[in-house]
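>
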Amino acid sequence: MRPWLALRPLRRPAIAVAVSLAGAAAMGSPGQAAESIKVGAVYATSGPAAFLGIPEERGLRLAAEELNKAGGIAGRKVEVIVYDTEGNGTKASQQLRRLIDSDKVDVVFGPSSSGESLLVLPIANEAKTPIIMHAGTEKVFTPTTPYGFNTPPSDRIVAADLLAKLKKRGITRIALMSSADGFGQSGANVLRELAKTDGIDIVRHEEFNRQDTDMTAQVLRVKASDAQALLIWSALPGPSIILKNAAAVGYQKPIFNSYAAASRDLLQQAGPAANGTYVTSMRLLAPDTLKADDPVRPVVQKLYADYKAKYGDAPATFAAHSHDALMIVKAAAEKVDGELTRDKLRDAIETVSITGANGIFQFTPDNHGGLNQNSLSMVLMQAKDGQWVVAE
Numbered sequence: 002m003r004p005w006l007a008l009r010p011l012r013r014p015a016i017a018v019a020v021s022l023a024g025a026a027a028m029g030s031p032g033q034a035a036e037s038i039k040v041g042a043v044y045a046t047s048g049p050a051a052f053l054g055i056p057e058e059r060g061l062r063l064a065a066e067e068l069n070k071a072g073g074i075a076g077r078k079v080e081v082i083v084y085d086t087e088g089n090g091t092k093a094s095q096q097l098r099r100l101i102d103s104d105k106v107d108v109v110f111g112p113s114s115s116g117e118s119l120l121v122l123p124i125a126n127e128a129k130t131p132i133i134m135h136a137g138t139e140k141v142f143t144p145t146t147p148y149g150f151n152t153p154p155s156d157r158i159v160a161a162d163l164l165a166k167l168k169k170r171g172i173t174r175i176a177l178m179s180s181a182d183g184f185g186q187s188g189a190n191v192l193r194e195l196a197k198t199d200g201i202d203i204v205r206h207e208e209f210n211r212q213d214t215d216m217t218a219q220v221l222r223v224k225a226s227d228a229q230a231l232l233i234w235s236a237l238p239g240p241s242i243i244l245k246n247a248a249a250v251g252y253q254k255p256i257f258n259s260y261a262a263a264s265r266d267l268l269q270q271a272g273p274a275a276n277g278t279y280v281t282s283m284r285l286l287a288p289d290t291l292k293a294d295d296p297v298r299p300v301v302q303k304l305y306a307d308y309k310a311k312y313g314d315a316p317a318t319f320a321a322h323s324h325d326a327l328m329i330v331k332a333a334a335e336k337v338d339g340e341l342t343r344d345k346l347r348d349a350i351e352t353v354s355i356t357g358a359n360g361i362f363q364f365t366p367d368n369h370g371g372l373n374q375n376s377l378s379m380v381l382m383q384a385k386d387g388q389w390v391v392a393e
């Protein structure tokens, strides 16, 4: 059993359940004053993408609970409504429409995957409802669309960070293994583009399907190449399988992973084969190993401690996506004079600057991702004795 499957979703997969953190609230039209700020979310809390959706839902509920205890946002309680997409783009689209048309939410968070996000983004824009996505691909906010925003660092930010750290270590020839899905293909395209300008050669590129259970053949071809290191660009469980395959065939060169593998699940799934591998990660993965003067450290330390106290286990980095999203909404709503409408909230989000768990956000009309290469989003970590530690 995959470790993340032990985290039971909060609802049965086929049934979407709405839960209010604020009790009964006014349901009026988006332009009317309300007793609460209604936040809708479409997360994959069951199915193969539950390792994303469960921590995202938990991060959102934790942040809402924290804000409500302190009086809410601009005097209004936060009401959270979450529907399970099961990682299915069609369901995500249907549930987004339900949140917008029936539940009349002020803002939507999610979905959990890049593929789902690309499907629902046009719906949110058509409905003129701000949506703060949790997608890795820059395609969700480049080019900018009126109502689409994002909280994780984009694949371009992550790829640039990884290549810079490889070059710093004198590595100029790499092999790339990427998943043959939207996330893997987008990342591979960005890596190829940036590698050319960074003076790094991708001497071997192997793809694999997300459902593959053995990549020994691809690993052997990588081993036979003159690459100085292997870079894996895929969500779990692919990286865990590759690490075990690499150990089995005696691959001895450094292995680096994208932030999609930055999880304690990788350490559990790969076991001893994970020892020594690197990930470029958001800081929530191991906050206590950050430098004392890191400006993001206080935010991630608090989120880490609060999450662990509430849920009994350490947070995956994906919890930061939703936590930061709600803090962005808070900062935006507090800028709005008079009635809080979807359009006013959208306009205000474009002006938000906050330090979140994913880095230092500075949204502008031209940057709906809020992050850039100087946002202190990424840090290189290495697996040592079953733990992640900073390896800068």
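Take 2 as the starting number for the sequence shown in this note's numbering and just add one per residue. Heads up, the beta-carbon is just placed ideally off N, CA and C, and yes, glycines get one too.
Ends of the beta strand (DSSP E) at G76?
Premise fails: G76 is in no beta strand (DSSP E) and is neither H nor E.
> Looking at E80: is its Cβ nearer than 9 Å to the Cβ of I124?
It is not a contact, given that the beta carbons lie outside the stated cut-off.
> The alpha helix (DSSP H) with M328 in it runs from where to where?
It spans A320 to A334 - the alpha helix (DSSP H) in which M328 sits, taken as one unbroken run.
> Between L231, A275 and L377, which lies nearest to R298 when the distance is taken from Cα to Cα?
With distances taken between Cα atoms, R298 lies closest to L377.
> Could you give the first and the last residue of the continuous alpha helix (DSSP H) run that contains T91?
Where T91 is concerned, the enclosing alpha helix (DSSP H) stretches over G90 to R98.
> Roughly how many angstroms separate the alpha carbons of Y84 and D202, rounded to a whole number?
Answer to the nearest angstrom: the Cα atoms are 43 Å apart.
> Would you report the Cα separation of S282 and Q388, rounded to the nearest angstrom?
So the alpha carbons of these two residues sit roughly 14 Å apart.
> Kindly confirm or deny that the stretch 250-260 and the stretch 216-232 touch, where touching means at least three C-beta pairs closer than 8 Å.
Taking 8 Å as the limit for Cβ pairs, the verdict is that the stretch 216-232 does touch the stretch 250-260.
> Under three-state DSSP, which class holds A25?
Reliability fails at A25, whose pLDDT of 37 lies under 50, so the model's placement of it is uncertain and the value that follows must be treated cautiously. The answer is coil: DSSP assigns A25 none of H, G, I, E or B.
> Provide the residue(s) that pair with L381 in DSSP beta bridges, ordered along the chain.
The partner list for L381 (beta bridge, DSSP) reads T281.
> Curious, which full-length beta strand (DSSP E) runs of at least 3 residues does the stretch 243-304 contain?
The qualifying runs are 256-258 and 279-282.
> Check E58 in the structure and name its three-state DSSP category.
Three-state DSSP puts E58 in a helix.
> In or out: V109 buried (at least 16 other Cβ within 10 Å) or exposed?
Buried: at least 16 other Cβ atoms inside 10 Å.
> Could you say if the stretch 112-128 and the stretch 181-189 meet the contact criterion of at least three C-beta pairs nearer than 8 Å?
A contact exists between the stretch 112-128 and the stretch 181-189.
> Would the beta-carbon of N276 fall within 9 Å of that of A392?
Not a contact, by the Cβ cut-off of 9 Å.
> Is the stretch 341-356 touching the stretch 320-329 in the sense that three or more CB pairs, one from each, lie closer than 8 Å?
As far as the Cβ criterion goes, the stretch 320-329 touches the stretch 341-356, which means the pair count is three or higher.
> At a Cβ threshold of 9 Å, is P123 touching chain D?
Absent from the structure: chain D. Only one protein chain is present.
> Pick helix, strand or coil for N373, following the three-state DSSP scheme.
In the structure shown, N373 sits in coil (DSSP, three-state: anything other than H, G, I, E or B).
> Does the Cβ-Cβ distance between M178 and S226 come in under 9 Å?
No, they are not a contact pair.
> Measure the beta-carbon distance from L285 to A320 and round it to whole angstroms, keeping in mind my assumption that it falls under 8 Å.
Their Cβ separation, rounded to whole angstroms, is 7 Å, which keeps L285 and A320 in contact under 8 Å.
> By the DSSP assignment, the beta strand (DSSP E) with L231 in it spans what residues?
Element bounds for L231: A230 to W234.
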